[in-house]
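Q: Dumping the structure here so I can ask a few things about it.
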Amino acid sequence: MAQLFTAVLLAAVIHHECTSIRAFFQPKSELAPCQQQRRVGPSGKITSPGYPLFYSNHTSCSWDIIGRVGQVITISFDDLNLGGPADCETTACCGGTWIKLGPTPTGGEKVYCGKTVPEPFLSTTSEVWIKFHTSPLQVPRGRGFQLSYTVGGFTQQSCRPDEFQCLNGKCVLLHWACNGHMECEDNSDELYCESLIPFPSEH
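In short: position in the sequence shown from 1, add 4, done, that's the working numbering.
Right under this line is the structure:
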C-alpha cells in the first residue's frame, strides 16, 4: 500500500511539473491591451506604449485625431525606431511591426517602419487615424515612436506664442520652423533658415 501511495504521489508531482513547464513556455496569442484614444484640441503628442523604452511585442493601438469641419491636421515625427527596413510601404514588408496613418489625400494610407524619421503627414481632412502594431515574435525590439500634431485651418488671424504661422495662414508648432521638414504646404516654415543660423564670433 505504501509503495502504491508513493507511486501515485510521484506521478502527481511529475504531472504538475510538466504542466508548469508547458504553461511557462506556451506562447501568448492575445494582443497586449491598448485602448483606442480620441484626441481633440489644437495640438499634442502621441507616443508608443512605454516610449522611450522598448515597446511590447504583439501590441495593437489606435488613435483618432478629430478637428472641426474645414480644419486640417499636420503630423510630424519626432522619433521613429521600429523593426523592419526603412523603405517599406506595406505592412507585410515591415515584418509585422509598423505604424500607419490615414487617410491620405487620395484616400489611402501611409505605412512606416524602420529607424528613419519620415516626412510630415499633411492631411486634407479634419480627421486622421493612427494605428500601431507590433509583431508577436520580433527580436530585437525598438523604442517605438513619438510624434507631434497640430489641428487648424488656413484662415487663422493669429497663432499662439508657441506656434509659427505659415504664409498660407496655417499655424504649426514653433519648433517645426527650420527643422528640415515641410510642415507648411507652401514650405514657408523652411524659408530664410540659413539667415537664422548664427555665425561663429571672431576673436
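All C-beta atoms in this analysis are idealised placements derived from N, C-alpha and C, irrespective of residue type, glycine included. Quick caveat: nothing in here was measured; it's all calculated off a predicted structure.
So the beta strand (DSSP E) residue 153 belongs to, where does it begin and stop?
A: 148–156
Q: With a 10 Å radius around its C-beta and 16 neighbouring C-beta atoms as the bar for buried, classify residue 33 as buried or exposed.
A: Because the pLDDT at residue 33 is just 44, under 50, the model does not fix this residue reliably, and the point stays unresolved.
Q: Return the residue from the list 121, 154, 56 and 97 that minimises the CA-CA distance to residue 45.
A: Closest option to residue 45, Cα to Cα, is 154.
Q: Could you pull the start and end residues of the beta strand (DSSP E) that residue 106 belongs to?
A: 102–106
Q: Rounded to the nearest angstrom, what separates residue 72 and residue 131 at their Cα positions?
A: 8 Å
Q: Kindly confirm or deny that the segment 105–121 and the segment 62–69 touch, where touching means at least three C-beta pairs closer than 8 Å.
A: no
Q: Taking buried to mean at least 16 other C-beta atoms within 10 Å of its own C-beta, is residue 84 buried or exposed?
A: buried
Q: Go through its chain and collect everything with a Cβ distance to residue 198's Cβ below 7 Å, but skip five positions before and after it.
A: none
Q: By DSSP's criteria, residue 116 is part of a beta bridge. Which residues make up the other side?
A: In the DSSP output, where bridge partners are listed per residue, residue 116 has 103.
Q: For residue 192, which option in 179, 170 and 185 has the closest C-alpha, if you only look at C-alpha atoms?
A: 170
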